[in-house]
Each structure stands twice: as structure tokens, then as C-alpha cells.
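Just so you know, the sequences run in chain order A and B.
88 is the number that our numbering gives to position 88 of the first sequence; each next residue is one higher, with no gaps.
Each position in the second sequence, counted from 1, maps to that position plus 139 in our numbering.
Virtual Cβ for every residue (Gly too), placed ideally from N, Cα, C.
Report on one structure; see the data block that follows.
2 protein chains.
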Amino acid sequence: MNIGDVATLSGLPAKTIRYYEDIGFVKPLRSQNGYRIFRESDAHKLAFLGRARALGFSIEDCRNLLALYEDERRASAEVKDIAGQHLKRIDRKIAELVEMRATLAHLFEACAGDHRPDCPILADLATKGPDGEVLDRTG
Amino acid sequence: MNIGDVATLSGLPAKTIRYYEDIGFVKPLRSQNGYRIFRESDAHKLAFLGRARALGFSIEDCRNLLALYEDERRASAEVKDIAGQHLKRIDRKIAELVEMRATLAHLFEACAGDHRPDCPILADLATKGPDGEVLDRTG
DNA sequence: ACTTGACCTTCCAGTAGGTGGAAGCCTTAT
DNA sequence: ATAAGGCTTCCACCTACTGGAAGGTCAAGT
Chain A
1 MNIGDVATLS GLPAKTIRYY EDIGFVKPLR SQNGYRIFRE SDAHKLAFLG RARALGFSIE
61 DCRNLLALYE DERRASAEVK DIAGQHLKRI DRKIAELVEM RATLAHLFEA CAGDHRPDCP
121 ILADLATKGP DGEVLDRTG
Chain B
140 MNIGDVATLS GLPAKTIRYY EDIGFVKPLR SQNGYRIFRE SDAHKLAFLG RARALGFSIE
200 DCRNLLALYE DERRASAEVK DIAGQHLKRI DRKIAELVEM RATLAHLFEA CAGDHRPDCP
260 ILADLATKGP DGEVLDRTG
């Protein structure tokens with residue numbers, strides 16, 4: 001298979017597949033004309049990676065997951081641990097975004113959004129610190 | 140004020156403040172020894188940026204918000220529009236993460252997490268495409 | 001045989017938003 | 001005098017790709 005075929009099969013752009021070769025995820029053969037030749041197993045791996053990335057796993061996680069996938073003697077506990085840590089990261093990220101969203105939605109509602117310059121959004125940005133605490137500017 | 144003072148005031152690392160100077164957010168004066176000298180207004184701006192970044196606005200958004208902030212004749216509608224677009228981006232991101240989380244949590248629950256190799260998480264990664272559709276590997 | 005267009009190759013640069021570190025000057029206190 | 005801490009610049013690195021240039025290859029059509 002050429003790179004285009006495996007790109008279609010795995011759903012990954014050819015550029016990304018070349019990048020994945022660079023970082024050692026796949027090691028396709030080469031034909032005489034220099035083209036990469038992918039085996040079934042390469043296509044399989046790339047699809048695995050595509051799915052793992054789509055679930056938000058980092059490249060490093062993917063490396064570990066791939067190693068476990070190929071290790072017949074793995075303990076599922078190791079996989080579960082990686083997934084668990086990722087789940088925690090996702091939860092933290094969601095919490096962060098939800099908080100941002102709440103603050104922002106509040107400001108958005110309070111803003112008239114007309115031709116006048118008065119704006120609670122700018123007022124917030126100008127008078128609060130990173131964590132939303134009111135800054136003292138009386139000095 | 141030296142950079143350390145304004146770092147303390149704004150809550151931003153000195154490194155970040157230098158970076159913000161690089162990209163044109165602030166233009167501190169220089170004293171004879173080469174040290175940056177920040178005015179009140181610079182500290183003010185940097186705090187504004189810190190808060191905007193904490194609310195997830197991009198650097199480009201910050202540039203626009205800062206311009207509006209400094210424009211006495213702004214229409215709040217412009218600010219509201221920027222905030223509204225950002226709100227939409229946040230909502231999309233949250234939706235994406237929530238979906239990831241659901242899939243992952245499901246797999247996490249299904250995995251025994253013991254010494255055995257059988258693992259629904261790996262099985263999912265191996266048999267599904269980026270969007271979770273089952274791949275045909277009968278060929 | 002020749003051309004066209006779709007593939008494929010490598011390599012370099014850039015994205016966002018900083019962060020880390022080295023090498024070296026300045027200031028202040030002891 | 002010296003040591004600590006603050007300041008400077010510059011360069012590299014981080015994640016995970018993506019875009020583009022310059023050029024080789026292949027299959028189809030004329």
C-alpha cells in the first residue's frame with residue numbers, strides 16, 4: 001500500500017502519517033522508487049493511533065498504549081491506569097472550561113451590545129485579576 | 140517599576156511580560172542600564188491581558204479587546220461579539236471533551252484493570268475509527 | 001513519444017503561547 | 001570585596017501537526 005491508501009484507510013492525512021513515521025510509530029518499507037510501502041499491520045497501527053488521538057490521548061500516551069497493545073502479556077491494569085489519568089485530565093479541563101463559560105456567559109448577558117461604549121466585559125477585564133478577584137486600584 | 144514589580148502586580152511571569160512586549164502588547168521605556176521601566180498604565184494593561192487570557196481569549200482576541208478598551212468611542216456590541224464567538228468556541232470544546240469523557244469513562248468501567256491482558260479499551264482502539272465507527276477488518 | 005495530472009519524495013518553516021536555560025551585566029547588602 | 005538576586009539578550013524547546021516549495025514517478029490519454 002502507498003501512503004495515500006493507508007491515509008484513506010486510517011483516516012489520517014498523509015502528512016500526519018509521515019510525521020508518525022518520523023517519531024517512530026510506524027516503520028514502513030520502501031520500494032525502489034523511494035515510495036513508502038505499508039503493510040496491513042501498519043494500517044492497523046495507524047488506525048489505532050487515529051482512534052487514540054481522537055479520544056484525546058497524547059502522543060506519549062499513544063506510545064505506551066501501542067506498546068501495551070503489542071504486548072500479549074500486558075496487564076489490563078496498565079491500560080486502565082493510562083486511561084484513568086487521561087480521564088482525570090479531561091475532567092480538569094472540562095471543569096476549567098465550564099468555569100470560564102459561566103463567567104463569560106454572565107458578562108455576555110450583562111453587556112448591552114449596542115453603540116454605547118459602556119461594557120461590563122471590559123470592566124471585568126480591567127478590574128479583576130486572573131482568578132476573578134477584584135484588584136485594588138485605589139493606590 | 141521594574142519587570143519584577145509589574146510581574147507581581149499583574150500576576151504574570153516576567154518571561155511572559157517580555158514575550159508580550161515582543162508581540163507588541165506593551166512598550167515599556169528603558170532606563171540607562173537597559174532595564175525596562177513600566178508605567179502604571181503598562182501594569183494595568185498587563186493585568187487586563189492576564190485576566191483576558193485566564194478567560195481563554197486568544198492573543199488575537201486580546202489584541203482586539205485591548206484596542207476596544209483603549210477606544211473611548213467603542214461600541215459595546217463589538218466587545219460582545221468577540222465574547223460571543225469565544226463563548227461558542229468554549230461550548231464546542233466542552234461538547235467535544237464531554238463526548239470523549241463519556242466514551243472513555245464507559246471503556247474505563249468495562250476494563251477489569253487486573254493482571255490479565257484482555258482489555259476493552261485496547262479493543263476499542265483497535266477496532267474503531269476516529270469517530271467511533273466499527274471498522275471492517277474481515278478483508 | 002509526449003504530455004497531463006495525480007501521486008509520491010524531502011526539507012524547511014510556521015502555528016499558539018509561552019517556558020527553560022546559558023552567559024553576562026547591574027544593584028544592594030554585608 | 002563579594003555574594004545574592006534581579007535584570008538583559010538570545011536560542012532552543014514544547015505539542016502535534018500543517019503548509020509549501022522543488023522535484024521525482026506513474027498511469028492514462030492523444
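Is the beta carbon of residue i less than 9 Å from the beta carbon of residue j?
i	j	result
Tyr35(A)	Val26(A)	no
Thr138(A)	Asp124(A)	no
Leu194(B)	Leu205(B)	no
Ile156(B)	Phe196(B)	no
Gly129(A)	Arg190(B)	yes
Leu185(B)	Val145(B)	yes
Pro117(A)	Glu211(B)	yes
Ile198(B)	Ile94(A)	no
What are the boundary residues of the alpha helix (DSSP H) that includes residue i?
i	result
Leu243(B)	215-249
Gly143(B)	142-149
Gly50(A)	40-54
Asp22(A)	14-22
Glu70(A)	59-70
Asp263(B)	259-266
Mind pulling the chain A residues with CB within less than 7 Å of residue i?
i	result
Val237(B)	Ile94
Leu247(B)	Here the sequence assigns Phe to residue 247(B), which means Leu is not the residue at that position. What Phe247(B) touches in chain A: Lys80, Ala83, Gly84, Leu87.
Pro269(B)	Gly11, Gly50, Arg51, Ala54
Whose CA, out of the options, lies closest to the CA of residue i?
i	options	result
Phe38(A)	Ile3(A), Leu12(A), Arg53(A), Ile82(A)	Ile3(A)
Cys62(A)	Arg30(A), Glu72(A), Gly24(A), Ile121(A)	Gly24(A)
Leu226(B)	Val134(A), Ala112(A), Arg89(A), Ala105(A)	Ala105(A)
Asp270(B)	Met239(B), Arg212(B), Phe187(B), Ala206(B)	Met239(B)
Ala214(B)	Ala14(A), Ala75(A), Gly113(A), Val134(A)	Gly113(A)
Leu207(B)	Glu133(A), Leu135(A), Pro120(A), Ile94(A)	Pro120(A)
Asp107(B)	Asp275(B), Leu246(B), Ser149(B)	Because chain B is modelled from 140 through 278, residue 107(B) falls outside the range shown and cannot be assessed.
His115(A)	Ala249(B), Val218(B), Ala153(B), Lys184(B)	Val218(B)
Asp275(B)	Asp5(A), Ala7(A), His44(A)	His44(A)
Glu40(A)	Pro28(A), Gln32(A), Arg51(A), Asn33(A)	Pro28(A)
Ala77(A)	Ala153(B), Leu246(B), Lys154(B)	Leu246(B)
Ser170(B)	Asp230(B), Met140(B), Glu209(B), Glu199(B)	Met140(B)
Glu70(A)	Ala265(B), Asn203(B), Pro152(B), Thr147(B)	Ala265(B)
Leu122(A)	Asn172(B), Ala153(B), Asn203(B), Asp161(B)	Asn203(B)
Closer than 8 Å by beta-carbon distance: list the chain A residues that pair up with residue i, in chain order.
i	result
Thr242(B)	Leu55
Arg212(B)	Pro117
Tyr208(B)	Leu122, Leu125, Ala126
For residue i, which residues in chain B fall below 7 Å Cβ to Cβ?
i	result
His86(A)	Leu243
Ala47(A)	Gly268, Leu274
Quick one: which chain B residues come within Cβ less than 9 Å of residue i?
i	result
Ser76(A)	Cys250, Ala251, Gly252, Asp253, His254, Arg255, Pro256, Asp257, Cys258, Pro259, Ile260, Leu261
Leu65(A)	Ile260, Leu261, Leu264
Which residues of chain A have a Cβ atom closer than 9 Å to the Cβ of residue i, listed in chain order?
i	result
Tyr158(B)	What Tyr158(B) touches in chain A: nothing, since even the nearest Cβ is about 16 Å away.
Using a C-beta to C-beta distance shorter than 8 Å, which residues of chain B count as neighbours of residue i?
i	result
Ile23(A)	Correct list: empty, because the minimum Cβ distance to chain B is about 18 Å.
Ile90(A)	Leu236, Met239, Arg240, Leu243
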